[in-house]
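Numbering (this note's numbering), first residue to last: 5 to 599. Cβ atoms here follow ideal geometry from the backbone N, Cα and C, with glycine treated the same way. A quick note: this is a predicted structure, and the numbers were derived from the prediction, not measured. Step one of this worksheet: look at the structure below.
What follows is the structure, encoded as structure tokens:
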């Protein structure tokens, strides 16, 4: 078997044995910087009431209320921009305004912008053959077979997700040489004849940018677009080859995402300065290929067509979207943590419900509406602080004084106890975070409970790292977790209660504020010596199992030998292994030694 095939086989074996620390076959170097929470956004949008821009505050309040109430949406942050003014901005507890957020595939549209820049500069053309660009520095592209196989592959095919190349994003965890693996993969259909979404097409575009500019795509975009727009709170991961990942790995604030939505809305102009040609923007944002998907039937250049004529979406999985409505002069931005892979799930349906073909906002300011403004402000307040200061005095998540006293008594009982895990394959990071950021864990080895100034703290030892999660009983308490030399902002809230057997249970919501995924943890206290940690993560099982199925079957990346082996594995065994990886249960025992 080829190296990628061996990697997939090893990955499946590690998954079956809960060795998540060994899932990665890509060299890891810590990259992610600490999120800048102090510096203001540069070149911010002016703020305005909705009525001043022709939209009813009550209308927006109904939209925000519906997003917050639907259990399938799980919004993190939401913003609406009309006529170049922010008319709504708000977060949803425990998430915070102004914190950068993972974009996932939303950043593909910015990759498209980089290609547009090169075309505007005359350095690239849509129908240029990819091999003609990458061949000079890629010795593995020189074989006759490869020349024949990829001779028809053009920049246009990469932009429209119609390359036909089988090596996709799942294969990126199988080794370091992503470009080589891409061009060593089989071609499933003639380029340009069919749409098949593949993040590695975006990655190859990034490699093209680097080849033509001598810079990473992130550096190139920073110089040409980000810095001129005041986009400074931004980070984009690079691959083991030193190429910007292009299709994922980006962190961006919501207001800066809104700026990039307005850049296309305004045909490539920002504050009177032309950054992209009108011709490129108009081509990029119109249908270029049919997708065969009912909810998103057309695709442009690294973006999706939306529900209204002329509208389009920068889409990232798990609910990271910029919806651009040129006919309404409107941009809607949302970050979330849900099961929506492509724009078309519950969250997008709600957005489209409010911005539909019959919705016509006013082109002139509406009369001031103090009642509507108060309604919208109240909705935002409830979303950002749903429990309120009065309720936070309770025992957590709205509990009363009796429950608070009971939990405090229990916390003082367990203060100082140290428990050692019997199984050490489970880490704090949700599995999807580990895979996407190539930051895998060897698992939590020990947990200590500490009361400090009336606050319960969970102290974990994971690999060589020791970190502390202060637990808020009601409102989340925030901390920075450092794992494998990368730091993440975490909000933790808890609830104390009992299970059906009358055993004490501490239920925790552990939110990674910069991410789309969260950990959920229930700690069951059987007796003084024994506890059980029941882990879960959200977004839920469906999307993660689909990703794991793609990983363990290769999703077109492996050859028939590996596929044949996988097809002969008991499906129930595979399902159990996946379920165990998503919702692991770990027993722990009291020990006397220190961490």
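Excluding sequence positions up to five away, which residues of its chain have a Cβ less than 6 Å from the Cβ of residue 366? What you label residue 366 is simply residue 362 of the chain shown in a count that begins at 1. Hits under 6 Å: 58.
Whose CA, out of 76, 37, 221, 471, lies closest to the CA of residue 120? Position 116 of the chain shown, counting from 1, holds the residue named residue 120. Cα-wise, what sits closest to residue 120 is 221.
Shorter than 8 Å from the beta carbon of residue 204 to some beta carbon of chain C? Within the model displayed, chain C is absent; a lone protein chain is all it includes.
Local conformation of residue 320 per DSSP, three classes: One-based indexing of the chain shown puts residue 320 at position 316. In the structure shown, residue 320 sits in a strand (DSSP, three-state: E or B).
Candidates 298, 248, 343: which alpha carbon is nearest residue 112's? Position 108 of the chain shown, counted from the start, is the residue given in the question as residue 112. Residue 248 is the option with its Cα nearest to residue 112.
Residue burial classification, residue 369 (beta-carbon count within 10 angstroms, cutoff 16): The residue labelled residue 369 in the question sits at position 365 within the chain shown. Label assigned to residue 369: exposed.
Over the uninterrupted alpha helix (DSSP H) stretch that includes residue 525, give me the two end residues. As a first step, residue 525 is located in the chain shown; it is residue number 521 there, counting from the start. Taken as a continuous stretch (DSSP letters only), residue 525 belongs to no alpha helix (DSSP H), being part of the beta strand (DSSP E) at 522-529.
Just the C-alpha distance for residue 103 and residue 279, rounded to the nearest angstrom, thanks. Here residue 103 is taken as the residue at index 99 of the chain shown, counted from 1. Here residue 279 is taken as the residue at index 275 of the chain shown, counted from 1. Each residue's alpha carbon lies about 26 Å from the other.
I'd like the ranges of any beta strand (DSSP E) spanning at least 3 consecutive residues and lying wholly in the region 176-244. 238-240
Member of 380, 38, 31 whose CA lies at the smallest distance from the CA of residue 492: Taking the first residue of the chain shown as 1, we reach residue 492 at position 488. It is 38.
Going straight from the alpha carbon of residue 364 to that of residue 294, what length do you get? As a working mapping, residue 364 is identified with position 360 in the chain shown. As a working mapping, residue 294 is identified with position 290 in the chain shown. Residue 364 and residue 294: Cα-Cα distance of roughly 28 Å.
Using a Cβ distance threshold of 8 Å, determine whether the region 129-138 contacts the region 223-235, with at least three qualifying pairs required. no
Taking only three categories from DSSP, how would you classify residue 350? Within the chain shown, residue 350 is the residue found at index 346, counting from 1. Residue state, collapsed to three classes: helix.
Give me, in chain order, the residues of the same chain whose beta-carbon lies closer than 7 Å to that of residue 533; leave out the 5 immediate sequence neighbours on both sides. Your numbering for residue 533 matches position 529 in the chain shown. Within the same chain, residue 533 has close Cβ partners 593, 594.
Under the three-state reduction of DSSP, which class applies to residue 344: helix, strand or coil? Taking the first residue of the chain shown as 1, we reach residue 344 at position 340. Reduced to three states, the DSSP call for residue 344 is coil.
Rounded C-alpha distance that separates residue 317 from residue 264: By one-based count along the chain shown, residue 317 stands at place 313. By one-based count along the chain shown, residue 264 stands at place 260. Taking the straight line from one Cα to the other gives about 12 Å.
Mind checking which residues open and close the beta strand (DSSP E) that includes residue 80? For the purposes of this step, residue 80 is identified with residue 76 of the chain shown, where counting begins at 1. Unbroken beta strand (DSSP E) run through residue 80: 79-86.
Take the Cβ of residue 218 as the centre, count every other Cβ of all protein chains shown within 10 Å, and call the residue buried at 16 or more, exposed below. In the chain shown, counting from the first residue as 1, residue 218 sits at position 214. Classification for residue 218: exposed.
State buried or exposed for residue 282, treating a residue as buried only when at least 16 other CB atoms are found within 10 Å of its CB. Taking the first residue of the chain shown as 1, we reach residue 282 at position 278. Exposed, because fewer than 16 other Cβ atoms sit within 10 Å of the Cβ of residue 282.
Determine the direct distance from the alpha carbon of residue 67 to that of residue 507, and round the result to whole angstroms. Numbered from 1 along the chain shown, position 503 holds the residue referred to as residue 507. Numbered from 1 along the chain shown, position 63 holds the residue referred to as residue 67. So the two alpha carbons sit approximately 41 Å from each other.
Residue burial classification, residue 327 (beta-carbon count within 10 angstroms, cutoff 16): Here residue 327 refers to the residue found at position 323 of the chain shown. Buried, because 16 or more other Cβ atoms sit within 10 Å of the Cβ of residue 327.
Excluding the 5 residues flanking residue 167 on each side, which residues of the same chain have their C-beta closer than 7 Å to its C-beta? To locate residue 167, count along the chain shown from 1; it is residue 163. Correct list, in chain order: 157, 161, 195, 202, 205.
Nearest-angstrom Cα distance between residue 598 and residue 422? Counted from its first residue, the chain shown places residue 598 at position 594. Counted from its first residue, the chain shown places residue 422 at position 418. Each residue's Cα considered, the two are about 7 Å apart.
With DSSP run on the structure shown, which of helix, strand or coil describes residue 292? As a working mapping, residue 292 is identified with position 288 in the chain shown. Reduced to three states, the DSSP call for residue 292 is coil.
Would you kindly work out how many angstroms separate the C-alpha atoms of residue 418 and residue 453, rounded to a whole number? As a working note, residue 418 is residue 414 in the chain shown. As a working note, residue 453 is residue 449 in the chain shown. Going by the C-alpha atoms only, they are around 6 Å apart.
DSSP state of residue 164, grouped into three classes? As a first step, residue 164 must be located in the chain shown, where it is residue number 160. Residue 164: coil per DSSP, three-state reduction.
Run through DSSP, which three-state label would residue 52 get? On the chain shown, position 48 is the one that residue 52 refers to. DSSP places residue 52 in coil when its eight states are reduced to three.
Distance between beta carbons of residue 308 and residue 347, contact taken as under 8 Å: Looking up residue 347 in the chain shown gives position 343. Looking up residue 308 in the chain shown gives position 304. Contact holds; Cβ gap of about 6 Å.
Thinking just about the alpha-carbon of each residue, which of 89, 478, 473 is nearest to the one in residue 484? As a first step, residue 484 must be located in the chain shown, where it is residue number 480. Checked all of 89, 478, 473; the closest Cα to residue 484 is 473.
Count the other CB atoms within 10 Å of the CB of residue 126; is the residue buried (16 or more) or exposed (fewer)? For the purposes of this step, residue 126 is taken as residue 122 along the chain shown, with counting starting at 1. Exposed: under 16 other Cβ atoms inside 10 Å.
Proximity winner among 297, 314, 291, 311, relative to residue 303 (alpha-carbon distances): Translated into the one-based positions of the chain shown, residue 303 becomes position 299. Residue 303 has its Cα closest to that of 291, out of 297, 314, 291, 311.
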